[in-house]
Amino acid sequence: MVLTENEQMWSELGIDLASHGQLMNALGPIYQEIYLGQKNRPKGMGFYDFVVGDIHGIRVKELREHAKSGGKVVATYCVFVPEEFCWASGAIPISLCAGTAFSIPAAEEVLPRNTCALIKSSFGFKLGRLCPYVQVSHLIVGETTCDGKKKMFELLAEHQPVYVMEVPNKRGPAGRALWQQEVRDFKAKIEELTGNRITAENLGEAIKKVNARRREFKRLSMLRAADPAPISGKDALLATQVSMYDDVERETQIMKALNEELEERVKNGEGVFPKGAKRILISGSPMAIPNWKLHHIIESAGAVVVGEESCTGSRFFNELAPEGITDLDEMVTALADRYLKTNCACFTPNCERLDDIIGMAKTLMADGVIHYNLQFCHTYANEAIQVDKALEKAGIPLLRIETDYSDEDAGQLKTRIDAFLETL
Amino acid sequence: MITAGLDVGSRTIKLVLFADGHIVHSAVADSGLKPVDRCRRLLDSRSFDKLMVTGYGRDLVAPGLSGATISEISAQAAAVRFLYPDASSVIDIGGQDSKVIRLSPNGVQKFEMNDRCAAGTGKFLEIMARALELSIDDFARTALNAQRSVTLNSLCTVFAESEVVSLINKGEDAHAIALGLHQAVASRVGSMAKRVGMADRLIFSGGGAKNPCLVRLLEEKLSLKITVPEEPQTTAALGAAIIASLQPPSPSTGERPGVRVP
Ligand code: SF4
Ligand code: SF4
């Protein structure tokens with residue numbers, strides 16, 4: 078059998094070609110159905126179609142070339158890990174996907190079944206040798222944001238180098254001190270891995286680069302406030318998901334072009350859904366690529382998703398890191414503080430998130446909020462009670478959904494979402 | 003104008019014809035293996051101006067019959083509002099889903115549904131009745147006549163079923179088992195109802211409302227008086243017909259999300 082160029086690369090990376098082939102064959106039609114069938118898509122999404130069309134090809138090749146010339150690849154699962162250190166030291170940070178049910182059976186050979194889909198999916202990618210991004214990375218950085226992940230990282234470390242950052246539970250002075258130390262240690266770890274020193278100059282530059290991308294995403298977020306919405310929620314989600322593992326400067330350029338196109342649309346009153354379509358804000362657990370399930374059900378029912386209060390959304394880009402600091406130590410402290418502002422449900426208390434949701438619902442003129450909870454994610458599920466109360470007080474309708482990556486509840490979800498939209 | 007409401011559930015299909023504020027016809031049939039054919043047969047020789055389809059199978063059936071669709075939740079709310087203008091909340095126990103709805107002056111304020119588990123549904127009771135070798139009516143009656151109850155360890159349909167079998171084998175009283183099973187369902191649905199917040203006047207609809215033991219246990223659990231409509235099974239269909247009569251619905255697009263994740 079003759080291997081294609083990609084297959085050759087995958088087999089060199091130790092991928093299980095047979096199962097991987099199944100995964101790729103399944104992804105194609107799904108993307109076709111969910112994405113390519115959309116009407117009046119912005120031209121700027123062409124880049125993302127191209128990227129997903131060769132999802133395990135082009136970018137992996139870039140990363141491998143980088144590795145061949147001595148560069149390092151650092152994989153992460155969570156928006157807590159400060160990517161600036163990687164860029165500053167010449168390493169490439171990538172956020173790993175964990176959004177498909179395909180890799181879950183492999184994970185369930187080891188992990189308890191009642192673990193959240195995100196954890197199982199990511200572990201299954203490694204165990205089943207399904208993901209070239211995992212294979213190509215030199216270090217996987219985990220964090221202690223939930224117990225399931227914490228323990229999964231210990232098991233993952235049996236297969237590949239893993240480094241875990243401790244995220245505090247509280248944002249008080251003690252938690253802040255702990256986190257600052259963790260960030261300093263992480264910096265040292267990256268210096269050790271790459272053999273390059275992180276300086277005020279290269280870190281300052283990295284901060285600017287990452288901020289530039291964050292600014293483009295904030296701009297996209299503001300454009301989605303328009304009625305009619307210039308872009309579907311599915312497309313905006315995809316752009317966020319892809320940019321989490323793409324080159325930071327390229328993403329900034331791509332997003333700039335997309336935003337310019339959307340600005341034109343807004344000016345001309347052009348959109349992807351009719352003016353007056355119901356507008357939904359999603360809040361809750363992250364949606365790792367290729368998890369497009371909820372957005373797809375909502376948008377197939379005729380409503381438009383106008384924002385994501387999530388780590389594959391606002392929590393990824395909202396806070397900018399302070400620029401213009403010249404002292405390295407102060408810079409690192411400021412960066413640590415920036416990451417501590419991530420309003421993840423792992424914190425107690427986490428009132429800031431409630432303000433974020435209400436603030437976003439208002440700016441984006443959402444008619445309602447859907448709280449998305451991965452099944453077995455206890456932090457988000459419990460925090461949903463507070464979200465419910467806060468939104469009720471603010472007079473914003475809320476629907477709570479708990480699901481995983483499988484399709485078995487699609488009918489039930491549709492009934493709930495239809496009913497919710499009917500009440501708005 | 004005559005409007006038709008069709009409720010395509012997992013166990014049964016219900017039809018209601020509605021004209022000038024009155025129910026002019028209603029029918030219930032088993033869903034069977036070919037629900038589309040069943041619907042056609044139910045509608046055959048009936049004349050109506052507009053059709054609204056609700057229920058689990060609404061998207062499957064609506065396009066072929068040129069009907070529009072509405073969720074079961076809105077349909078239940080519309081029917082209850084019509085039958086009991088002063089109602090404030092609804093519990094609906096169907097074959098596959100149970101729902102609780104808090105009504106607002108003009109529709110639905112809040113609702114919840116059971117998560118993909120059969121524990122609080124009609125299906126659960128049906129399977130347990132079978133395990134006790136009782137008809138569903140006798141099952142409810144047996145529970146009502148119980149002096150005491152056994153607490154079941156598991157609410158999972160499969161485990162509960164084998165637990166019932168082993169209790170019978172141990173010689174446990176069928177009345178006590180039947181009551182224990184009813185209590186389990188009432189407790190599950192009751193918690194859901196409390197989360198949403200039920201208030202006077204509470205209407206209990208769906209096939210589950212035909213079970214007097216369930217009605218009594220839910221009344222106790224929620225400390226509320228429950229009203230059961232005369233034909234609790236057909237309320238969703240009635241609601242669909244009412245909604246069809248109120249607003250000119252846009253025809254169903256026949257679009258289904260059909261999310262398949264690898
Ligand atoms: S939800 Fe929390 S743990 Fe998960 S990616 Fe976001 S910040 Fe990290
Ligand atoms: S979704 Fe929840 S349970 Fe899953 S990894 Fe994130 S924080 Fe942990």
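From first to last, the protein sequence lines stand for chains A and B. Counted from 1, the first sequence has number 333 at position 256 by this note's numbering; the numbering is strictly sequential. Counted from 1, the second sequence has number 98 at position 96 by this note's numbering; the numbering is strictly sequential. We treat Cβ as the ideally placed atom computed from N, Cα and C, and that holds for glycine.
Item                                                                                                                                                                 : Value
With 8 angstroms as the threshold, decide whether the Cβ of valine 263/B is near any Cβ in chain A.                                                                  : Residue placement at valine 263/B is flagged as unreliable, the pLDDT there being 33, under the threshold of 50; a coordinate-derived value is accordingly withheld.
Taking its Cβ as the centre, do 16 or more other Cβ atoms sit within 10 Å of leucine 358/A, making it buried, or is it exposed?                                      : buried
Can you tell me which of Arg415/A, Gly346/A, Ile181/A puts its alpha carbon nearest to the alpha carbon of phenylalanine 202/A?                                      : Ile181/A
Just tell me which of Ser100/B, Leu219/B, Ala89/B has its CA closest to the CA of alanine 145/B.                                                                     : Leu219/B
Would a check of beta-carbon distances place valine 110/B closer than 8 angstroms to chain A?                                                                        : yes
Whole beta strand (DSSP E) runs in the segment 386-468 of chain A with 3 or more residues, listed along the chain?                                                   : 445-451
My understanding is that phenylalanine 157/A touches methionine 242/A, with C-beta atoms under 8 angstroms, so please give their C-beta distance in whole angstroms. : 7 angstroms
By the DSSP assignment, the alpha helix (DSSP H) with phenylalanine 263/A in it spans what residues?                                                                 : 250-271
So leucine 115/B contacts chain A; which residues on that side make the cut at Cβ distance below 9 angstroms?                                                        : Here the sequence assigns methionine to residue 115/B, which means leucine is not the residue at that position. Going along chain A in sequence order, the residues near methionine 115/B (Cβ under 9 angstroms) are Gln489, Thr492, Arg493, Ala496.
Tell me, please, which residues DSSP counts as bridged to threonine 5/B.                                                                                             : Phe20/B, Lys52/B
How many angstroms separate the CA atom of alanine 398/A from the CA atom of leucine 412/A?                                                                          : 6 angstroms
Checking contacts by CB at 8 angstroms: is proline 259/B closer than that to chain A?                                                                                : Confidence in proline 259/B is poor, its pLDDT being 35 and thus under 50, which makes the residue's placement unreliable; the coordinate value appears in the next sentence. Cβ-Cβ to chain A under 8 angstroms: yes for proline 259/B.
Can phenylalanine 20/B and serine 247/B be called in contact, C-beta distance under 8 angstroms?                                                                     : yes
Given aspartate 433/A, which residues of its chain have a CB within under 6 angstroms of its CB, disregarding the five upstream and five downstream residues?        : Glu386, Asn420
For arginine 118/B, return the contacting residues in chain A, with the cut-off set at a CB-CB distance below 9 angstroms.                                           : Thr480, Glu485, Asp486, Gln489
Buried or exposed: which applies to serine 100/B, given that a residue is buried once 16 or more other Cβ atoms fall within 10 Å of its Cβ?                          : buried
Using the C-alpha atoms, what's the distance from lysine 172/B back to histidine 448/A?                                                                              : 46 angstroms
Would threonine 236/B pass as a contact of valine 30/B if the rule is Cβ separation under 8 angstroms?                                                               : yes
If we count the other Cβ atoms within 10 Å of its Cβ and call it buried at 16 or more, is lysine 370/A buried or exposed?                                            : buried
When we look at the beta-carbon of proline 37/B and count the other beta-carbons within 10 Å, is it buried (16 or more) or exposed?                                  : buried
So, are the CB atoms of glycine 176/A and tyrosine 482/A less than 8 angstroms apart?                                                                                : yes
Hey, alanine 55/A and valine 383/A: beta-carbon distance below 8 angstroms or not?                                                                                   : Nothing about residue 55/A can be read from this structure; chain A reaches only from 78 to 501.
Could you confirm whether any beta carbon from chain B is found closer than 8 angstroms to the beta carbon of glutamate 499/A?                                       : yes
Can we count tyrosine 457/A as close to ligand 2, meaning its CB is less than 7 angstroms from some heavy atom?                                                      : yes
Rounded C-beta distance between alanine 211/B and valine 167/B? I'm assuming under 8 angstroms.                                                                      : Wrong, their Cβ atoms sit about 28 angstroms apart, outside the cutoff.
How big is the Cα-Cα spacing for arginine 206/A and alanine 152/A?                                                                                                   : 15 angstroms
Using DSSP with H/G/I as helix, E/B as strand and the rest coil, what is phenylalanine 113/B?                                                                        : strand
Check each residue of the segment 126-145 of chain B: if its Cβ is closer than 9 angstroms to any Cβ of chain A, include it; give the result in chain order.         : none
Would you be able to state if there are at least three C-beta pairs under 8 angstroms between the segment 227-246 of chain B and the segment 49-62 of chain B?       : yes
For the candidate residues Val137/A, Asn336/A, Val213/A, Lys295/A, whose alpha-carbon lies nearest to that of methionine 437/A?                                      : Lys295/A
Phenylalanine 127/A and isoleucine 331/A look like a contact to me (Cβ under 8 angstroms); what is the Cβ gap, rounded to whole Å?                                   : In fact, because the Cβ distance is near 10 angstroms, the residues do not count as touching under 8 angstroms.
So, is serine 164/B buried or exposed, given that buried needs 16 or more other C-beta atoms within 10 angstroms?                                                    : exposed
Taking just the CA atoms, how far does threonine 456/A sit from cysteine 423/A?                                                                                      : 6 angstroms
Quick check: is the beta carbon of isoleucine 4/B nearer than 8 angstroms to any beta carbon in chain A?                                                             : no
Can you list, in chain order, the residues of its chain whose CB lies under 6 angstroms from that of valine 191/B, leaving out five sequence neighbours each side?   : Ser100, Gly122
Listing by chain order, which chain A residues have their CB less than 7 angstroms from the CB of serine 76/B?                                                       : Ala496, Glu499
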